[in-house]
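Chains as they are written, first to last, in UniProt numbering: chain A, 1 to 333; chain B, 1 to 333; chain C, 1 to 333; chain D, 1 to 333; chain E, 1 to 333; chain F, 1 to 333.
The beta carbon of each residue, even a glycine, is placed where N, CA and C say it ideally should be.
Please read these numbers as outputs of a predicted model, since none were measured by experiment.
There are 6 protein chains.
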Amino acid sequence: MGKIIAFGEVMMRLEVERYKKLEQVNTLEYSFSGTGVNVLASLEKFGCDTLLLTKLPSNRLGDAAVAYINRLGINTSAIARGGEYIGMYFLEHGFHPRPSTVCYSNREESSFCTSSIEDYEVFQDASHIHFCGISLAISPKIREITITLAEKAKKEGLTASFDCNFRPKLWKEEKDVIKRAYEQMLEISDICFMTEKDAIHTLGLETEEKKKKKQIEHLLRIVARKYDIPIIAGTVRQHVASNEQTLQGFIVKEDNVVYSRNYPLTVYDRIGGGDGFASGILYGYFHRFDLKKMVEFATAAGVLAHTIAGDSPLSTAKDVWRLVNDLHDELER
Amino acid sequence: MGKIIAFGEVMMRLEVERYKKLEQVNTLEYSFSGTGVNVLASLEKFGCDTLLLTKLPSNRLGDAAVAYINRLGINTSAIARGGEYIGMYFLEHGFHPRPSTVCYSNREESSFCTSSIEDYEVFQDASHIHFCGISLAISPKIREITITLAEKAKKEGLTASFDCNFRPKLWKEEKDVIKRAYEQMLEISDICFMTEKDAIHTLGLETEEKKKKKQIEHLLRIVARKYDIPIIAGTVRQHVASNEQTLQGFIVKEDNVVYSRNYPLTVYDRIGGGDGFASGILYGYFHRFDLKKMVEFATAAGVLAHTIAGDSPLSTAKDVWRLVNDLHDELER
Amino acid sequence: MGKIIAFGEVMMRLEVERYKKLEQVNTLEYSFSGTGVNVLASLEKFGCDTLLLTKLPSNRLGDAAVAYINRLGINTSAIARGGEYIGMYFLEHGFHPRPSTVCYSNREESSFCTSSIEDYEVFQDASHIHFCGISLAISPKIREITITLAEKAKKEGLTASFDCNFRPKLWKEEKDVIKRAYEQMLEISDICFMTEKDAIHTLGLETEEKKKKKQIEHLLRIVARKYDIPIIAGTVRQHVASNEQTLQGFIVKEDNVVYSRNYPLTVYDRIGGGDGFASGILYGYFHRFDLKKMVEFATAAGVLAHTIAGDSPLSTAKDVWRLVNDLHDELER
Amino acid sequence: MGKIIAFGEVMMRLEVERYKKLEQVNTLEYSFSGTGVNVLASLEKFGCDTLLLTKLPSNRLGDAAVAYINRLGINTSAIARGGEYIGMYFLEHGFHPRPSTVCYSNREESSFCTSSIEDYEVFQDASHIHFCGISLAISPKIREITITLAEKAKKEGLTASFDCNFRPKLWKEEKDVIKRAYEQMLEISDICFMTEKDAIHTLGLETEEKKKKKQIEHLLRIVARKYDIPIIAGTVRQHVASNEQTLQGFIVKEDNVVYSRNYPLTVYDRIGGGDGFASGILYGYFHRFDLKKMVEFATAAGVLAHTIAGDSPLSTAKDVWRLVNDLHDELER
Amino acid sequence: MGKIIAFGEVMMRLEVERYKKLEQVNTLEYSFSGTGVNVLASLEKFGCDTLLLTKLPSNRLGDAAVAYINRLGINTSAIARGGEYIGMYFLEHGFHPRPSTVCYSNREESSFCTSSIEDYEVFQDASHIHFCGISLAISPKIREITITLAEKAKKEGLTASFDCNFRPKLWKEEKDVIKRAYEQMLEISDICFMTEKDAIHTLGLETEEKKKKKQIEHLLRIVARKYDIPIIAGTVRQHVASNEQTLQGFIVKEDNVVYSRNYPLTVYDRIGGGDGFASGILYGYFHRFDLKKMVEFATAAGVLAHTIAGDSPLSTAKDVWRLVNDLHDELER
Amino acid sequence: MGKIIAFGEVMMRLEVERYKKLEQVNTLEYSFSGTGVNVLASLEKFGCDTLLLTKLPSNRLGDAAVAYINRLGINTSAIARGGEYIGMYFLEHGFHPRPSTVCYSNREESSFCTSSIEDYEVFQDASHIHFCGISLAISPKIREITITLAEKAKKEGLTASFDCNFRPKLWKEEKDVIKRAYEQMLEISDICFMTEKDAIHTLGLETEEKKKKKQIEHLLRIVARKYDIPIIAGTVRQHVASNEQTLQGFIVKEDNVVYSRNYPLTVYDRIGGGDGFASGILYGYFHRFDLKKMVEFATAAGVLAHTIAGDSPLSTAKDVWRLVNDLHDELER
Ligand SMILES: [Ca+2]
Ligand SMILES: [Ca+2]
Ligand SMILES: [Ca+2]
Ligand SMILES: [Ca+2]
Ligand SMILES: [Ca+2]
Ligand SMILES: [Ca+2]
Ligand SMILES: [Ca+2]
Ligand SMILES: [Ca+2]
Ligand SMILES: [Ca+2]
Ligand SMILES: [Ca+2]
Ligand SMILES: [Ca+2]
Ligand SMILES: [Ca+2]
Ligand code: NI
Ligand code: NI
Ligand code: NI
Ligand code: NI
Ligand code: NI
Ligand code: NI
Ligand code: NI
Ligand code: NI
Ligand code: NI
Ligand code: NI
Ligand code: NI
Ligand code: NI
Ligand code: NI
Ligand code: NI
Ligand code: NI
Ligand code: NI
Ligand code: NI
Ligand code: NI
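The following block contains the structure:
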């Protein structure tokens with residue numbers, strides 16, 4: 001199996017110590033993340049070879065970002081350097097029922113958002129490339145680059161995956177622009193990560209079903225057929241109490257809908273949970289797991305990602321299998 | 001609406017990192033608080049204009065206290081400076097079922113406890129003043145100042161509120177001295193914060209009711225009538241398990257008793273919960289909310305105060321409304 | 001009552017800030033612990049006089065270990081100094097369902113593991129000595145020293161206790177070597193800490209009972225009789241959900257099996273829980289508590305040890321009684 | 001004496017722990033500063049009443065900035081809120097001969113840089129206003145606002161001061177645009193902070209003198225006369241070795257040039273040194289010190305500012321006088 | 001040689017991270033110290049056996065103090081427990097020429113200051129006892145206890161030492177009361193630590209000598225003779241630049257004045273420097289060093305104490321000899 | 001130019017916060033280093049492509065080490081994994097004249113020290129390989145591997161460099177074994193890092209010269225000729241005062257001895273200074289600098305390495321050139 005590429009923005013995460021507010025501290029903890037970084041970090045932990053396509057500024061913050069991504073084991077040799085800024089977000093961790101808050105810097109001027117197709121010329125010896133819906137939203141230019149890269153990749157024989165990740169606040173376009181962009185990516189992709197909400201909000205589909213699972217089964221089968229998507233995968237999350245939740249994964253393949261077990265879940269750090277799941281599906285896909293095994297592995301990977309501080313999942317395949325097999329102890333010694 | 005004044009002692013809180021014991025660490029985190037500071041900090045977050053009446057030493061600790069209170073947005077221009085000491089308390093956070101512990105320095109010699117009425121001459125352009133039962137307990141001199149200030153404020157047309165906050169350990173007086181002091185404050189006040197326990201322990205009332213709510217309804221109606229108190233408010237707390245609790249607010253107005261919803265509550269930092277509730281009632285009172293809306297807002301404010309590290313609540317009115325309307329998400333982005 | 005001695009290895013615990021992974025941090029918190037240290041630290045808090053028998057290197061790490069053990073109030077005057085290394089373990093705290101992990105340095109070369117009987121010549125004015133099964137496992141030489149010391153202590157009139165603490169990973173010997181070592185210690189001991197698992201895995205006993213308590217009652221009565229052990233004590237732990245558990249203590253004395261209440265338990269720091277229980281049994285034994293009081297005190301001590309960061313329990317007898325009497329408040333002020 | 005106003009941008013300073021590089025840490029310490037904040041913070045410590053004119057975003061970062069500036073004692077009631085971003089700079093502290101480095105975020109989109117004259121309508125009851133050359137550089141719009149505010153202030157009877165603070169990297173304009181902007185501010189100002197370098201680089205003056213002091217005496221006398229500036233003040237810094245330097249202040253008034261003592265100086269935190277000096281001159285000016293006393297006080301204030309972590313000087317007038325009188329001990333107890 | 005006792009107050013030192021001001025931080029580092037603690041901590045490091053006579057409160061702060069003193073290796077078994085408070089001081093580290101500042105809590109109400117002679121009944125098997133002039137100053141009661149203990153010790157055959165440590169701010173008495181108290185201690189003592197300043201300020205002596213060394217030689221010879229003091233020792237400190245100083249020790253014995261080398265000294269933490277010197281003289285005295293060797297060892301011990309964070313010196317005798325022999329390397333590996 | 005390889009042990013550095021002693025803290029900062037890591041980290045910063053040959057354990061510490069080395073940008077793909085332990089050293093930073101101290105764990109059992117030649121089979125596309133004298137000392141097996149690898153590399157056309165780095169404490173062999181090992185490496189190497197001390201202590205050479213430079217010129221010319229070493233390089237360090245030193249580099253090539261400027265140097269972190277110099281020489285060698293330029297660049301690189309916390313130099317070529325050209329400012333903004 002060749003390298004796994006991800007294309008996407010790298011952001012600096014600056015966070016307040018749990019569970020304080022910004023005014024109560026004078027230090028921030030920082031890390032670097034982004035959908036691409038997160039999915040690749042997880043795949044590296046699973047033992048895959050990865051490569052990140054992005055652009056970072058030629059300054060000390062860019063240097064620190066590269067160092068951080070290196071630390072995750074991701075190949076940074078194809079990262080373009082130039083431009084002046086990196087997008088940032090400031091995170092205050094909530095304590096239920098007080099929500100976490102996020103405050104963004106101006107990412108429109110970031111090196112990534114002002115990059116051009118020339119910054120990303122190579123797929124090297126990769127066999128797969130992963131994209132994220134956020135790249136469609138942040139600017140028309142990056143949207144165009146995303147679709148161009150996806151088409152090019154397919155032409156060169158790579159498989160492609162796409163995480164819908166619809167963030168209404170990031171979009172400043174009309175509904176049909178959004179729909180068209182999403183449709184182009186869905187048509188290209190071998191694997192799509194989405195839920196019934198994406199089908200409704202980006203593709204404009206409708207259903208009379210009331211229950212979530214029924215909606216998923218109804219709508220995503222339509223999507224799979226309409227856009228000819230070999231695999232659609234996603235999760236169903238339910239709140240139990242305080243920060244106790246449950247997480248259940250699903251895969252839609254043709255008319256089949258396969259579910260994982262429904263995992264109880266105490267959330268420690270919500271961000272990156274979806275990327276953990278996505279990396280699990282990709283890992284199963286690359287290693288030709290059957291659907292049941294794939295969704296079970298992916299959901300367990302997603303559950304573990306919620307227990308990891310920071311955006312990037314850090315569990316090994318062995319860690320994930322242990323959870324799938326329910327063999328977790330509280331302490332290994 | 002004019003400024004809201006609070007009168008009371010400022011203490012230095014020195015706390016051990018969660019969830020260690022004093023011997024296990026070599027650093028302490030510090031902040032400054034007190035009932036007055038806490039109520040005003042919360043009202044500032046709600047958008048009100050506030051002013052603190054207290055006395056702090058003319059040394060580096062006093063300077064640091066003023067800086068800290070400034071940071072909360074509270075007007076510190078009327079704080080008297082002089083004397084030599086500030087009261088302190090050392091806090092070890094427990095982890096259920098291990099209780100938190102508190103260890104006090106000698107507050108009797110504090111600048112506040114040795115202050116005199118001349119230190120507090122102005123109400124400026126205020127419309128309301130808030131007092132706390134702790135000021136009645138710490139010394140005869142401060143008790144006298146408290147009552148004098150309350151009477152003066154009423155004479156000058158301010159409304160007054162009083163939080164009973166009965167702390168048996170602080171009192172060295174006979175029961176009737178305590179009762180008389182409390183009665184004087186109750187008679188003066190437009191709003192009193194109390195529970196059935198205050199009625200029993202400070203006023204010597206009795207009831208044959210067994211259930212907490214029945215006791216509240218029985219006793220506090222008597223208190224409201226007897227001392228002619230327009231509004232009595234308080235909360236009922238129930239332990240569910242570990243640090244899971246529920247919190248329900250009530251208002252007694254004449255013969256009516258109005259309850260809020262019963263909020264589930266995971267306690268992060270217990271101190272300041274009552275001040276959060278009190279600030280919510282005051283905010284509703286200043287903005288002429290009806291009783292139901294007032295008690296709902298106040299209880300949600302109290303719930304959020306339990307999720308905030310430190311004594312002083314830091315939620316905005318918008319944050320509180322979101323909880324009242326049950327619109328809290330785990331992450332806003 | 002004379003001094004209480006414990007014999008055993010001291011290790012350096014280097015731990016990652018909760019709940020991060022090693023790669024996410026650049027600092028480690030350190031402390032020193034070991035079964036002997038933990039049991040004695042707890043007994044010191046209960047007001048007993050203690051003495052540690054161990055060996056530590058003559059370097060800065062050994063100095064720091066002695067300083068740390070001094071801080072716990074344990075008498076360090078009999079600690080041998082020499083050799084070159086101290087055993088270490090690196091701890092990453094898990095967040096359920098992600099398990100904690102432990103990674104050891106090479107303890108085989110530690111000052112303790114390479115020590116000889118001459119390093120431990122004195123019982124001073126002690127009345128009791130405590131041993132641990134780990135000392136049987138780490139090397140044949142230490143196994144021999146342990147048994148020799150135990151026999152010598154009995155001859156000089158001390159009572160002895162032994163915590164089976166069977167750790168399969170530490171043993172490199174045949175089953176019968178293990179069994180023989182355990183049998184020797186059981187025969188010598190006045191008090192043994194063990195569960196049905198120890199009976200099965202170290203002594204090779206079998207039972208047809210399916211339920212844990214039935215197994216305990218069946219097997220440990222046999223053990224008590226066979227090896228003539230006055231008191232056998234241990235705990236039954238049940239997982240409820242996430243890190244919610246229950247803990248119930250038992251004592252087997254002749255044919256009696258006495259249980260404590262079943263305590264709900266939120267685990268903050270699992271390590272040292274068993275040592276907390278053991279110290280409680282020993283304390284009850286030294287002060288001639290009846291069995292019911294002894295097991296109740298010990299189990300509450302064990303519960304509190306799970307709420308303490310680090311290996312060594314730090315609760316006073318007063319703290320433990322308060323939990324036994326269910327008088328814990330969330331905050332004492 | 002009325003309030004002292006300063007107009008200028010507030011930036012977030014995010015700094016790496018001394019003396020590490022960004023890649024070596026995962027936390028950053030943060031504070032808020034800017035020429036205006038720094039000068040006012042120092043004047044507050046001297047006992048003056050101050051008011052900041054600036055604009056901050058309506059988000060959590062803006063809230064934190066206001067809280068921070070409150071903490072310094074500066075009146076924040078006139079700060080406009082709106083827009084989306086705050087300028088930031090990332091600081092790595094050097095260790096001689098390794099220089100400190102600074103890396104900026106995109107300040108062009110900051111709330112301040114996109115503000116308009118309507119955001120700053122009031123001088124309240126102020127008697128003086130302070131400006132800084134950075135406001136001339138960051139955008140044509142802010143340049144225009146600066147000059148408009150300065151003219152308005154003069155018309156309303158305030159005195160004005162201007163710190164040239166020429167930063168070539170910030171300017172994207174032609175030389176004559178720069179010169180014209182500076183000339184306008186010089187003509188308006190009662191006090192200008194500048195050195196011979198400003199005269200050469202912004203005003204295009206020339207001198208054949210080789211020595212710094214001679215250049216100052218030659219050029220700044222010309223400037224004082226030409227632009228009719230009552231007081232010009234600045235400092236001469238000399239490197240001795242490593243981070244040992246000397247600092248000497250001067251005032252040019254008509255044809256007089258008055259120097260302070262030449263203070264030895266070990267630099268702890270270079271940023272804010274100039275603002276400390278400026279605040280000292282202003283303090284002397286407001287309290288009608290003679291020139292010698294004024295320059296001595298200002299230079300000592302500047303020296304102390306180099307010993308304070310962060311941008312904002314925090315020494316009291318008493319602290320400064322003690323240095324002027326050479327009465328500093330290493331420890332006061 | 002028997003145990004070395006010291007009698008004196010234990011204080012809690014709460015310090016701001018170098019080199020910040022109190023308002024700039026929200027954590028304080030804490031430790032416990034006092035002249036007695038410091039001298040004994042150093043002697044323990046030199047290998048002596050020590051015992052502290054003091055009184056600490058029966059609360060969590062008292063517990064933490066005992067744990068801290070245990071950590072230093074000092075025998076805490078004779079420490080009285082009771083009373084309510086511990087004295088505290090808050091320390092901001094200066095950065096030259098900005099001085100360090102110290103701010104005290106109310107030590108008059110401390111457990112020590114309110115203790116009585118009954119709290120200190122035993123000298124156990126000690127051979128020497130050390131006192132400090134601060135004990136004479138803090139209250140008449142402690143002054144009386146100090147002198148009573150000193151007399152008792154002499155009667156029981158112990159040798160005694162006394163560190164004048166004159167702190168004018170602590171004294172509220174007339175000059176002759178001070179003089180009489182000092183004279184009593186001088187007469188009792190075998191070793192006195194003092195300088196020419198103590199002779200002038202406490203004993204009222206006068207000299208026409210202008211140079212420090214001449215004054216020492218003139219005045220301390222008189223003192224030695226008049227009060228029949230076998231050994232008087234002290235240091236001469238000279239400021240070179242910034243925090244570069246020199247330190248030279250002296251011993252006056254009968255008519256001889258013996259000096260150590262003059263050590264260059266970069267001050268890291270000034271507090272405890274004098275106690276380091278005193279412990280060195282005592283160590284030399286106990287081990288019968290000749291005067292030259294004694295003063296050399298003591299001065300090097302004093303120099304090293306200035307390089308140790310916190311009040312208590314932590315260098316071993318081996319460390320001190322290495323400095324005496326000028327064999328220090330920058331790194332030992 | 002191809003990849004630069006370094007072969008050598010990776011150690012975990014666990015250090016106490018400046019300038020405390022181990023007993024004063026409860027946290028340690030950690031990093032990973034070693035001569036190979038340090039030289040490659042620096043070369044990566046200069047823009048070269050590097051590869052590390054070493055062996056690390058297959059556990060969490062090994063994972064963390066790889067992540068750390070990745071962060072430095074070094075290619076870790078050839079690192080062997082297996083064995084159980086990693087060598088460690090504990091560092092207390094001294095404060096002049098108190099020396100730093102280092103305390104090692106048992107490195108003899110480390111994965112590296114127990115590795116075999118099969119663990120290191122590839123030079124990939126490298127053009128140069130770097131060795132260190134420590135590899136000769138730690139075990140006969142590693143000594144053999146080192147020499148075998150060096151010979152193999154030469155055979156395959158790589159150039160080789162060797163840093164003598166003689167550490168007497170690490171050697172347990174006879175003088176002639178040491179000499180023979182060194183001679184073999186000298187004969188193979190294209191560049192040797194050594195001083196007159198190495199010539200005397202490892203090769204047994206003698207000189208009657210008294211002055212360091214004369215000794216260098218005398219002895220190293222002999223060495224260069226005898227072992228046919230194209231380039232010998234090293235530094236001369238002189239102590240000025242406290243931690244002020246000077247550093248001057250030299251290159252011996254045939255009969256020429258070329259010196260750099262003599263740089264003043266304030267030491268912040270001594271470790272890695274020599275590796276910084278070595279990386280500078282290698283960089284100059286790869287880019288065919290003339291000798292003067294090479295030694296100047298290398299010495300400046302060495303000076304900067306002394307200002308970097310941790311073992312690994314982190315300055316870019318641009319940073320180094322700026323120091324060579326004396327263009328360093330205290331702050332770049
Ligand atoms: Ca990889
Ligand atoms: Ca996460
Ligand atoms: Ca306000
Ligand atoms: Ca709170
Ligand atoms: Ca003890
Ligand atoms: Ca524990
Ligand atoms: Ca003000
Ligand atoms: Ca500064
Ligand atoms: Ca001792
Ligand atoms: Ca010190
Ligand atoms: Ca590389
Ligand atoms: Ca270094
Ligand atoms: Ni694979
Ligand atoms: Ni909820
Ligand atoms: Ni989170
Ligand atoms: Ni309002
Ligand atoms: Ni409970
Ligand atoms: Ni709390
Ligand atoms: Ni006892
Ligand atoms: Ni579980
Ligand atoms: Ni744990
Ligand atoms: Ni003034
Ligand atoms: Ni320089
Ligand atoms: Ni700086
Ligand atoms: Ni001795
Ligand atoms: Ni000075
Ligand atoms: Ni200090
Ligand atoms: Ni190159
Ligand atoms: Ni030296
Ligand atoms: Ni160092």
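Candidates the options: closest to residue i by CA position
{"i": "residue 275 of chain F", "options": "F/293, F/249 and F/261", "result": "F/249"}
Helix, strand or coil at residue i according to DSSP, with G and I counted as helix
{"i": "residue 345 of chain A", "result": "Absent from the model: residue 345 of chain A. The displayed extent of chain A is 1 to 333, so no value can be given."}
{"i": "residue 309 of chain B", "result": "coil"}
Contact check, residue i vs residue j, beta carbons under 9 Å
{"i": "residue 305 of chain D", "j": "residue 283 of chain D", "result": "no"}
{"i": "residue 84 of chain A", "j": "residue 109 of chain A", "result": "yes"}
{"i": "residue 164 of chain B", "j": "residue 207 of chain B", "result": "no"}
Residue environment, residue i, which counts as buried when at least 16 other CB atoms sit within 10 Å
{"i": "residue 324 of chain C", "result": "buried"}
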